Amino acid sequence: MNDERPSHLNSSSPKGRASTRGRGDTIVAIATMVGRSAVAVVRLSGHDAGEIGRRCVRPWPTTARTMTRCAVHDPVTGQHLDDGLVVEFPAPASYTGETVVELHCHGGFSVPAAVESALIRAGARPALAGEFTERAVLNGKIDLVTAEAIGELIDARTRAMHRAAIQSLSGTLVRQYAELRSEVIAAEALLAFDIDFPEEDHGPIGREQVERAVVKVEARIATLLATAPAAILGRDGALVVLAGPTNAGKSSLLNAMVGEARVIVSDEPGTTRDAVEVLLDTDPWPIRLVDTAGLRGDAGVVERLGIAVSERYLGGADIVVVCAESPEEIARITTRVRALGDAAIVEVLTKNDLWTPATAGIHGAALSVSAVTGHGLSALRDTILAIVAAKVGRPDDQGPLVTSARQRAALETARDELAGFRLAWREGVLPTPVVATHLRATIHALDHLIGAVDLDEVLARVFSTFCVGK
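Have a look at this one:
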C-alpha cells in the first residue's frame, strides 16, 4: 500500500476532489482473476468500507493492517459463505486514500462471487474498471503517470513492457516531467524581467540566456519522444515476416521458432492462405513473427488474396526473412520484397536436413536452417535480434520509455509551443508578453501530462482500459 503522498505533486493536485464516477460511495470488486485458484481477494474502498465489512465478517480485526482469520456471512440471511482472512487499511494510509478492506477467501468461481454479492447487499456498489486506482489519483496518493504505469504493468505481455512499466513505477519518468515543468517556469520568470523593465535594452537578462534555457528543455523533450519507437516495439514486437515461394518451409520454420505447431504444414502448395502472427517474448526485445502465403505467379483466386495480404505485411515489416531452397529462389524473392518496402532482409536456405554432400556448400552468405533438426535456428534468432537492437538500441541504453500515447501527445504539444516561442523570440517583432504565451501553453501541456489540471478530461479514457478490481 502507498501511504505517502508523492513529493512531486504540487498544490494543483486533485487531492480532495470528488470522483466524477464514484461520488464518494463505497465500492467493491474481486481484485484477482476469476477462475480455479487457491485464493481470491475481494476489495472494498470508501468511507463506509469498515461498517459494510462488519455486517458480513466475524470476528472483525482489532488491529489495523493485520490479517485476521474470519468467517464471512450473508448480511440478510446469515448464511455462512466461507472462511478466510480479513485486513483493514484505515484512511488515509491506504492505496486509495480511503478506508480499504480486503477479504482473502477461497478461489474459484462461486465463493468470490458469493462474497462480493454479500458485500453489495450490505451496502457497497460494484466498482467500475480502474476505479480503485482512479480514487488513488483523485485523493493525491499517486499521480496520473504512475497510474498509467500500473495499467501497463497489468497489461504487459512482454519482458520489455514489464521493464518499462517497472521503471515508470519507480517515479523516474514523472520526476523528469516535473523537472521539465520547473525549467519552463524558470524560463518564464526570466521573461518577467524583460516585461518589468521595458526601459532596459531587452531587460537585465540577455535574450540569449532565455533562448538557451528553452533550447535545453526542447532537447530533453526530444530525448523523451525519441523513446517512442522502443516503447512501441516493446509492446507490439518487431514485425518479422517470413517470405518465400510455396513449400519453402516457412510454416515449419515458424513452428520450430515458436516451439509448437501453430501453422498447418503440408506438402500441398498454397496451404497457408492467410497471415499467421505469433508474438515471441524474446530478450531484449520481442518479435512478432508472421508466416505468409507463398509468393508465386500461378496462384488461384483464393491464394492470390492470401498473397495480397502477404504483400501488405511485407510493406510494413521491420525485417523480412526470405526463405527458399536455392540461392536462385532467394535472389528472386529478395528482388520482389525490396520493391514492396525498406525492411532489413535476412536470407535463409531452408531444409538443411535434406541437403546432400553435393549441395552442402551452396548457401554462400545465406543462413542455413532446418526446422526438423533445429540447425541454424539460434543463429537466425540472434541475427534478427541484432538487427532490432541496431535499430532501437538495447534496454540498458534507454532511459525511461514514454509508452503512453496520451503522454506523447502532451510532450509533442509542449515541444511545438517551445518551437513557436523560440521562433517568435528570435524575430523580436512581437511584444514579450505575447511571445510568453507560448511558455504558458507549454506549462499547461506539462500540467495536463502529470494530471495537475483538467484531470476530468482524461480519467474516463485512462481508467476504462483497467481491469475491474484495480
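Residues in the sequence shown are numbered consecutively from 793, following the working numbering.
For every residue, glycine included, the Cβ atom is placed at its ideal position computed from N, Cα and C.
None of these values were measured; they are calculated from a predicted model.
Residue range of the unbroken alpha helix (DSSP H) whose run includes residue i
i: residue 1043; result: 1042-1050
i: residue 951; result: 951-961
i: residue 1135; result: From DSSP, residue 1135 is part of no alpha helix (DSSP H); its letter is neither H nor E.
i: residue 1067; result: Careful: residue 1067 lies outside any alpha helix (DSSP H) and carries neither H nor E.
i: residue 1014; result: 999-1017
i: residue 1022; result: 1020-1028
i: residue 1282; result: A question about residue 1282 goes unanswered here, because the residues of the chain that appear run from 793 up to 1262.
i: residue 1126; result: 1119-1130
i: residue 916; result: Note, residue 916: premise wrong, no alpha helix (DSSP H); not H, not E.
i: residue 1166; result: Run containing residue 1166: none; DSSP gives neither H nor E here.
i: residue 841; result: 841-846
Cβ-based burial, residue i [other Cβ within 10 Å; buried from 16]
i: residue 872; result: exposed
i: residue 1224; result: buried
i: residue 1125; result: buried
i: residue 1100; result: exposed
i: residue 1219; result: exposed
i: residue 901; result: exposed
i: residue 1111; result: buried
i: residue 953; result: buried
i: residue 851; result: exposed
i: residue 849; result: buried
i: residue 1240; result: buried
i: residue 1060; result: For residue 1060, the predicted model reports a pLDDT of 41, less than 50, meaning its position is unreliable and no value from the coordinates is stated.
i: residue 1164; result: exposed
i: residue 1049; result: buried
i: residue 933; result: buried
i: residue 1001; result: exposed
i: residue 1078; result: buried
i: residue 1084; result: buried
i: residue 939; result: buried
i: residue 1128; result: exposed
i: residue 1102; result: buried
i: residue 1166; result: exposed
i: residue 1161; result: buried
i: residue 1056; result: Low per-residue confidence applies at residue 1056: pLDDT is 39, beneath 50, and the placement is therefore not dependable, though the value from the model is reported in the following sentence. Exposed: under 16 other Cβ atoms inside 10 Å.
i: residue 1226; result: exposed
i: residue 853; result: buried
i: residue 858; result: exposed
Extent of the continuous beta strand (DSSP E) to which residue i belongs
i: residue 860; result: 860-865
i: residue 894; result: 892-900
i: residue 748; result: Summary: the structure shown does not reach residue 748, with the chain confined to residues 793 through 1262, and so no result is reported for it.
i: residue 880; result: 872-881
i: residue 820; result: 819-822
i: residue 1083; result: 1079-1083
i: residue 1116; result: 1111-1116
Heavy atom of the ligand ATP within 7 Å of residue i beta-carbon
i: residue 1237; result: Among the ligands in the structure shown, none appear at all, so the ligand ATP cannot be discussed.
Nearest-angstrom beta carbon gap, residue j and residue i [assumed within contact, 8 Å]
i: residue 1067; j: residue 1105; result: 5 Å
i: residue 919; j: residue 880; result: With 8 Å as the limit, residue 919 and residue 880 do not qualify as a contact, their Cβ atoms being about 18 Å apart.
i: residue 1028; j: residue 1080; result: 6 Å
i: residue 1242; j: residue 970; result: 7 Å
i: residue 1005; j: residue 982; result: 7 Å
i: residue 1238; j: residue 1206; result: 6 Å
i: residue 1119; j: residue 1158; result: 7 Å
i: residue 1214; j: residue 1003; result: 6 Å
i: residue 935; j: residue 966; result: 5 Å
i: residue 893; j: residue 845; result: 4 Å
i: residue 834; j: residue 877; result: Wrong, their Cβ atoms sit about 11 Å apart, outside the cutoff.
i: residue 1183; j: residue 823; result: That pair is no contact at about 39 Å.
i: residue 1046; j: residue 1034; result: 6 Å
i: residue 1210; j: residue 1009; result: 6 Å
i: residue 1311; j: residue 831; result: Because the chain here runs from 793 to 1262, residue 1311 falls outside it and cannot be looked at.
i: residue 1212; j: residue 1236; result: Going by Cβ atoms, the distance from residue 1212 to residue 1236 rounds to 14 Å, so no, they are not a contact pair.
Minimum Cβ-Cβ distance from residue i to chain B less than 8 Å
i: residue 1037; result: This model lacks chain B altogether; it includes just one protein chain.
Quiz item: Mind pulling the alpha helix (DSSP H) runs of 4 or more residues that sit fully within the region 1184-1252?
Solution: As far as the region 1184-1252 is concerned, its whole alpha helix (DSSP H) runs of at least 4 residues are 1197-1219 and 1224-1242.
Self-check item: Complete alpha helix (DSSP H) runs within the region 919-946 (minimum length 4 residues, chain order)
Solution: As for any alpha helix (DSSP H) of minimum length 4 sitting wholly inside the region 919-946, the runs are 923-930, ordered along the chain.
Practice problem: Please confirm if the region 1181-1193 is in contact with the region 1015-1034, defined as three or more CB-CB distances below 8 Å between the two stretches. | Solution: yes
Quiz item: Hey, is the region 818-827 in contact with the region 919-927, meaning 3+ C-beta pairs nearer than 8 Å?
Solution: yes
Quiz item: Do three or more CB pairs link the region 935-950 to the region 903-919 at distances below 8 Å?
Solution: no
Quiz prompt | Contact between the region 1071-1079 and the region 1135-1147 (3+ Cβ pairs under 8 Å) | solution = no
Quiz item: Just checking, does the region 860-871 make contact with the region 883-894 on the three C-beta pairs under 8 Å criterion?
Solution: Judged by Cβ distances under 8 Å, the region 860-871 makes no contact with the region 883-894, as fewer than three pairs qualify.
Quiz item: Between the region 1110-1119 and the region 1027-1047, are three or more C-beta pairs nearer than 8 Å?
Solution: Taking 8 Å as the limit for Cβ pairs, the verdict is that the region 1027-1047 does touch the region 1110-1119.
Exercise. Report yes or no: do three or more beta-carbon pairs, one from the region 1202-1219 and one from the region 1175-1186, lie closer than 8 Å?
Key: no
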